[in-house]
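As structure tokens, the structure follows; a few thoughts come after it.
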Ligand SMILES: [Zn+2]
Ligand SMILES: [Zn+2]
């Protein structure tokens, strides 16, 4: 039977020596398989539940996509997954080398720190994402780095990971850097990774699922990010609206400047 101590053991997460090339190759393949499996499972589910049924939320476009858009989005997402798997392996190597702040004892910083660390990661991520995203909209950088993502004007759930490898790299380095600086439990880290995928899908769904204005005013959802894909000058945030508010780059549905 699985006990709590299972989640407090290093070998539960990394059972092999990653410095061995053969082991590192196996680990890379396992991580890549996990990332791709999660992408197809979650994006595929979202596609069938929300796009096929058309039963939920406010539809932001007509779901008629240019020819080959979904095929291209899946292709770029697979390339991004490759980079994310390298990032996962790098994170594992850093952990094994003992240079990260990843801790195993669930009580080390108190149980409250578990949700707090999740929140902290999301806040720092918001700031990191906002500034790198604005930078990627500079014309020279945009053409070389970010145009692939914006080729999806009518967003689809398949666009969640649809990035040029340069952009995927910018996203992929965030967590390996963060784990060196800010303590986090691997269970929180795994939850955060799933949260990242879920929000990426929700932001690109082309459907506004949040019925409450007060929530939409503070958290980014389909409508907020849809405006970014359509207008590009507004709504650069990731999870929260505060950076767009502070930097004066926010627009809401129906009130675009
Ligand atoms: Zn953009
Ligand atoms: Zn996007």
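Residue numbers (the working numbering): 151 to 407.
Backbone N, C-alpha and C fix where the C-beta goes; we use that ideal spot for every residue, glycine too.
What you are looking at is a predicted structure, and each value in this text was computed from that prediction instead of being measured.
Opposite residue i in the DSSP bridges: which residues?
| i | result |
| --- | --- |
| residue 357 | 209 |
| residue 334 | 252 |
| residue 369 | 390 |
Would you report the Cα separation of residue i and residue j, rounded to the nearest angstrom?
| i | j | result |
| --- | --- | --- |
| residue 297 | residue 259 | 42 Å |
| residue 243 | residue 182 | 16 Å |
| residue 194 | residue 219 | 15 Å |
| residue 407 | residue 384 | In this prediction, residue 407 scores a pLDDT of 41, lower than 50, which makes its location untrustworthy; no coordinate-derived value is stated. |
| residue 186 | residue 347 | 11 Å |
| residue 377 | residue 289 | 19 Å |
| residue 329 | residue 192 | 25 Å |
| residue 354 | residue 323 | 22 Å |
| residue 157 | residue 340 | 12 Å |
| residue 389 | residue 238 | 22 Å |
| residue 206 | residue 359 | 7 Å |
| residue 279 | residue 321 | 8 Å |
| residue 295 | residue 154 | 43 Å |
| residue 363 | residue 175 | 47 Å |
| residue 263 | residue 216 | 46 Å |
| residue 319 | residue 203 | 35 Å |
| residue 208 | residue 230 | 29 Å |
| residue 170 | residue 232 | 20 Å |
| residue 190 | residue 198 | 12 Å |
| residue 299 | residue 172 | 34 Å |
| residue 166 | residue 266 | 30 Å |
| residue 241 | residue 254 | 15 Å |
| residue 292 | residue 235 | 24 Å |
| residue 224 | residue 308 | 6 Å |
| residue 252 | residue 271 | 13 Å |
| residue 196 | residue 261 | 32 Å |
| residue 286 | residue 178 | 28 Å |
| residue 333 | residue 325 | 12 Å |
| residue 396 | residue 188 | 34 Å |
Where does residue i sit, in a helix, a strand or coil, going by DSSP?
| i | result |
| --- | --- |
| residue 386 | coil |
| residue 268 | helix |
| residue 398 | coil |
| residue 153 | coil |
| residue 158 | helix |
| residue 362 | coil |
| residue 166 | coil |
| residue 216 | coil |
| residue 310 | helix |
| residue 247 | coil |
| residue 381 | helix |
| residue 204 | coil |
| residue 262 | coil |
| residue 221 | helix |
| residue 173 | helix |
| residue 406 | Annotation note: pLDDT 45 at residue 406 (below 50); position unreliable, no value reported. |
| residue 329 | helix |
| residue 303 | coil |
| residue 323 | coil |
| residue 287 | coil |
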